[in-house]
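Report on the following structure.
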């Protein structure tokens with residue numbers, strides 16, 4: 179029987195009975211805050227942070243895996259809107275294209291979304307392209323790798339070390355889709371109908387090389403030929419990159435998928451602001467590198483820096499997804515923004531939070547004349563209202579005065 183532990187993002191800690199090996203694995207994997215009860219053996223305190231989703235820990239010799247499911251505070255539909263907009267702000271899969279209402283948990287919704295996007299990408303058949311192949315051959319094909327031939331087969335006529343361009347379906351785009359399908363088939367809680375769809379997509383991609391665990395993901399570049407693949411590829415990379423949980427500490431196998439709400443909120447805010455400011459005639463850079471000191475030894479990477487048409491910075495933003503705090507916004511964020519404004523020569527800085535119980539505020543720094551604004555976005559409202567609030571922040575950014 180499968181044991182399921184239900185947690186809520188940033189909610190109070192829950193006491194549960196767990197094998198010590200499982201508790202240590204959850205803590206070591208930075209999945210949840212896990213601490214053993216100092217007085218009761220086999221009892222653990224689990225507290226979810228900003229990572230949401232589900233992981234399954236397989237216990238050798240037990241009657242089933244232990245699944246830890248973390249529910250986000252925002253609705254699944256809103257979470258997927260944030261993700262969809264940050265991946266493809268000018269269109270693509272968002273509310274209405276994925277039937278999120280049919281799934282109450284994150285893993286089934288994610289698997290369903292990816293399967294639908296892959297199905298749309300492959301309706302016209304698998305994309306083909308040229309791939310550089312190196313091999314040992316009994317016939318000359320393409321180019322002879324002279325250095326490799328001399329190193330491995332000096333003086334021999336055959337076989338020949340050759341390199342050639344092969345027109346094939348075994349290309350980076352298809353490999354990413356195949357890897358995402360394989361990854362999702364191992365997620366806990368995927369419904370049978372979604373699994374059937376994923377198995378169908380795997381059969382369509384059967385001739386594509388599987389990316390093994392630990393191998394780097396292949397690079398792809400958007401172009402006219404792979405345009406029908408692009409939404410699916412963006413989602414596939416989301417599944418395959420650092421949000422995936424797949425390791426085996428201490429002989430235990432952990433499979434699952436977790437969204438980091440910190441990163442998801444930051445990606446949405448910066449992409450949405452960039453699009454809004456672009457419509458106002460300004461350009462922006464995300465995670466742009468700057469330095470705090472004259473010697474360029476202390477690097478800073480603000481989430482978002484807005485530039486005037488002439489190239490000078492005119493506004494700086496940091497996005498902060500925080501749990502609600504009685505005392506309001508953390509002071510450390512103000513100190514960080516003060517450093518950004520000072521280094522960039524700006525009179526105003528902007529912190530954008532997910533709405534909690536602290537109101538919008540503006541603080542003027544003593545002896546510096548720098549004003550730090552704190553904005554709060556209500557993630558529970560409809561997408562149109564959320565984007566309208568982002569537009570208001572963008573309008574304030576383009577009017578920010580410099581020192």
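Residue numbers (our numbering): 179 to 581.
A virtual CB, placed ideally from N, CA and C, is assigned to each residue, including glycine.
In whole angstroms, what separates the C-alpha of residue i from that of residue j?
i, j, result
"residue 200", "residue 224", "12 Å"
"residue 552", "residue 310", "51 Å"
"residue 476", "residue 235", "41 Å"
"residue 219", "residue 415", "41 Å"
"residue 573", "residue 533", "19 Å"
"residue 398", "residue 294", "21 Å"
"residue 512", "residue 418", "34 Å"
"residue 276", "residue 407", "With a pLDDT of only 49 at residue 276, under the threshold of 50, the placement of this residue in the model should not be trusted; the figure read from the coordinates follows. One C-alpha to the other measures close to 16 Å."
"residue 381", "residue 232", "26 Å"
"residue 350", "residue 372", "24 Å"
"residue 119", "residue 267", "Absent from the structure is residue 119, since the part of the chain shown begins at 179 and ends at 581."
"residue 488", "residue 517", "23 Å"
"residue 361", "residue 531", "32 Å"
"residue 460", "residue 567", "18 Å"
"residue 286", "residue 317", "50 Å"
"residue 364", "residue 570", "42 Å"
"residue 340", "residue 327", "9 Å"
"residue 395", "residue 358", "11 Å"
"residue 273", "residue 453", "Residue placement at residue 273 is flagged as unreliable, the pLDDT there being 44, under the threshold of 50; the coordinate-derived value follows with that caveat. Approximately 19 Å between the Cα atoms of the pair."
"residue 308", "residue 193", "55 Å"
"residue 314", "residue 434", "40 Å"
"residue 463", "residue 312", "39 Å"
Can you tell me whether residue i is buried or exposed, with buried defined as 16 or more other CB within 10 angstroms of its CB?
i, result
"residue 439", "buried"
"residue 515", "buried"
"residue 271", "Confidence in residue 271 is poor, its pLDDT being 48 and thus under 50, which makes the residue's placement too unreliable to answer from."
"residue 238", "exposed"
"residue 250", "buried"
"residue 499", "buried"
"residue 325", "exposed"
"residue 228", "buried"
"residue 547", "exposed"
"residue 379", "buried"
"residue 367", "buried"
"residue 370", "exposed"
"residue 332", "exposed"
"residue 179", "For residue 179, the pLDDT reaches just 41, beneath the cut-off of 50, and the residue's location in the model is therefore unreliable, although a value from the coordinates is still provided. Counting Cβ neighbours within 10 Å, residue 179 comes out exposed, since fewer than 16 surround it."
Start and end of the alpha helix (DSSP H) containing residue i?
i, result
"residue 286", "284-300"
"residue 553", "Where residue 553 is concerned, there is no enclosing alpha helix (DSSP H), although the beta strand (DSSP E) it sits in stretches over 549-555."
"residue 221", "No alpha helix (DSSP H) holds residue 221; the beta strand (DSSP E) holding it covers 221-225."
"residue 518", "509-522"
"residue 446", "439-457"
With distances taken from CA atoms, which of the options is nearest residue i?
i, options, result
"residue 430", "229, 245, 217", "245"
"residue 484", "376, 397, 317, 496", "496"
"residue 445", "262, 493, 242, 235", "262"
"residue 242", "227, 182, 304", "182"
"residue 265", "412, 304, 298", "412"
"residue 260", "575, 555, 571, 577", "555"
"residue 319", "337, 328, 491, 302", "337"
"residue 563", "256, 211, 192, 283", "256"
"residue 457", "510, 575, 433", "575"
"residue 509", "345, 302, 481, 543", "543"
"residue 254", "222, 221, 481, 290", "290"
What are the boundary residues of the beta strand (DSSP E) that includes residue i?
i, result
"residue 146", "Examination of residue 146 is not possible in this model, given that the chain is present from 179 through 581 alone."
"residue 317", "Taken as a continuous stretch (DSSP letters only), residue 317 belongs to no beta strand (DSSP E), as it is neither H nor E."
"residue 303", "Note, residue 303: premise wrong, no beta strand (DSSP E); not H, not E."
"residue 491", "491-498"
"residue 482", "482-485"
"residue 230", "229-236"
Output yes if chain B places a C-beta closer than 8 Å to the C-beta of residue i; else output no.
i, result
"residue 493", "Of the protein chains in the structure, only one exists, and it is not chain B."
Exercise for the section: Pair every Cβ in the segment 385-403 with every Cβ in the segment 342-362, then say whether three or more of these pairs are closer than 8 Å. Expected result: yes
Practice task
Spell out a yes or no on whether the segment 520-536 and the segment 461-471 are touching, meaning 3 or more CB-CB pairs, one atom from each, closer than 8 Å.
Solution key: yes
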